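Numbering (UniProt numbering), first residue to last: 1 to 454.
Structure first, then comments.
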């Protein structure tokens with residue numbers, strides 16, 4: 001009578017229940033509010049008990065509550081059952097012959113909709129004899145199908161995620177490697193005669209910095225090749241004339257000692273001019289190099305006074321010492337001296353003996369100014385930018401300069417290397433004033449320029 005004790009009295013639930021479905025059946029029986037006061041005493045009462053109990057139950061999916069009375073199927077919940085649980089099935093017949101509680105599993109490999117049946121069966125005793133069997137059965141095909149569906153869903157989702165990840169990685173890699181491919185394509189287009197290729201820089205990051213660095217490298221290479229080509233062209237242009245002069249005079253030179261002496265003097269003069277030209281061209285070429293300047297501390301007052309003393313020894317002019325700056329700066333003393341002395345020589349070439357040439361220096365805020373002014377012939381407005389170009393001379397110059405027209409180009413290169421600029425103020429017949437302006441503190445990386453004032 002154990003099964004009825006479990007179903008009627010919850011307080012006597014046995015601790016050794018063999019299946020959770022039996023416990024569920026107990027709870028369902030309680031909820032059905034069946035007012036049983038004692039176990040069934042006859043088979044008829046047992047049938048009524050099962051009919052009432054199973055008629056009120058709604059079991060879970062693929063779970064079947066089966067009542068067997070006197071070896072024959074009586075009732076089930078739900079009523080619809082698979083073929084293997086039919087009233088005349090071998091499994092029902094097997095359970096009907098049980099004489100003791102049993103828990104087990106029956107496999108049905110030929111029934112894919114069933115797979116296997118898990119069951120718990122308990123005999124029902126009346127007057128010492130087995131009157132029936134109560135069975136809780138569960139088919140596993142549904143769970144297995146759910147597991148397969150879940151696994152399939154996981155596989156499908158994983159496949160989609162993997163494809164998306166690969167797609168994102170491919171797109172990202174294309175974006176990451178695009179600048180590298182662009183660099184490769186650009187480098188393939190670069191040739192000895194074409195250095196104009198550059199990489200378009202977009203966004204920020206290491207690759208953008210790489211592209212910027214590559215472009216800067218190409219700028220330096222192009223500047224170096226351009227400077228080299230200009231040097232060759234300028235040298236060929238400027239050396240052609242003195243070489244032709246020397247060759248012509250040597251070919252026409254006779255045996256007359258006086259003629260030989262004149263030719264010798266002319267040849268030496270032309271050779272000296274070529275030597276100065278070559279030195280000037282080398283200087284302009286070096287101006288593009290980072291080691292062009294040698295930095296040192298320069299005392300401004302003594303430096304300005306030294307420049308004025310050197311200028312007075314060059315020619316007879318009305319020399320005037322305007323003013324001098326006080327303090328110190330960091331500069332290349334020799335290059336700065338060379339720049340100012342070139343301006344002084346330029347002023348001498350364009351003035352007469354009684355003209356004034358003034359020299360001075362001053363500090364204004366964070367900049368130092370060195371100037372050379374004169375009362376000479378002045379420079380036409382149209383020439384004031386052109387004269388800083390190589391081999392350029394003012395059109396109104398009364399005399400031909402002894403140089404090749406590189407003096408002001410050298411001045412500009414030195415000033416730009418110091419991070420400064422040249423200011424020019426001039427009018428025809430009113431003289432000219434050249435002013436070198438450089439930072440008081442060292443800033444060699446900053447490039448300057450020449451400009452006209454007034």
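Virtual Cβ for every residue (Gly too), placed ideally from N, Cα, C.
Remember, predicted model here, so these are calculated numbers, not experimental data.
Segment contact: the region 43-56 against the region 102-117, fewer than three CB-CB distances shorter than 8 Å; contact not assigned. Note on geometry: alpha-carbon atoms of residue 320 and residue 344 lie some 12 Å from one another.
Given a length threshold of 4 residues, each whole run of the alpha helix (DSSP H) inside the region 83-121 is given here in chain order: 90-96.
Taking 7 Å as the cut-off, the Cβ atoms of residue 326 and residue 353 do not count as close. Under the three-pair Cβ rule at 8 Å, the region 246-257 counts as touching the region 265-279.
Spanning the alpha carbons of residue 75 and residue 144 requires a straight line of approximately 27 Å.
For residue 346, the enclosing alpha helix (DSSP H) has its first and last residue at 333-349. Taking all protein chains shown into account, residue 377 has 16 or more neighbouring C-beta atoms within 10 Å of its C-beta and is therefore buried. In the three-state scheme derived from DSSP, where H, G and I count as helix and E and B as strand, residue 426 is classed as strand. The DSSP-derived three-state label of residue 257 is helix. In the structure shown, residue 364 adopts extended strand secondary structure according to DSSP, grouped into three states.
Judged by DSSP secondary structure, residue 353 falls outside any alpha helix (DSSP H); it is assigned neither H nor E. In the displayed model, residue 132 falls within a strand according to three-state DSSP.
Straight-line spacing of the CA atoms in residue 441 and residue 330 works out to 6 Å.
For residue 426, the CB contacts under 6 Å within the same chain, skipping 5 residues up- and downstream, are 378, 379 and 432 in chain order. Taking a 10 Å sphere around the C-beta of residue 100, we find fewer than 16 other C-beta atoms and assign the residue as exposed.
Residue environment: residue 407 is assigned as buried (16 or more neighbouring CB atoms within 10 Å of its CB, all protein chains considered). Under the three-state reduction of DSSP, residue 196 is assigned to coil, being neither helix nor strand.
Counting C-beta pairs with one atom in each stretch, the region 128-136 and the region 65-75 have three or more that are closer than 8 Å, which means they touch. Under the 10 Å beta carbon count, residue 281 is surrounded by 16 or more other beta carbons and is classified as buried. For residue 77, the enclosing beta strand (DSSP E) starts and ends at 72-77.
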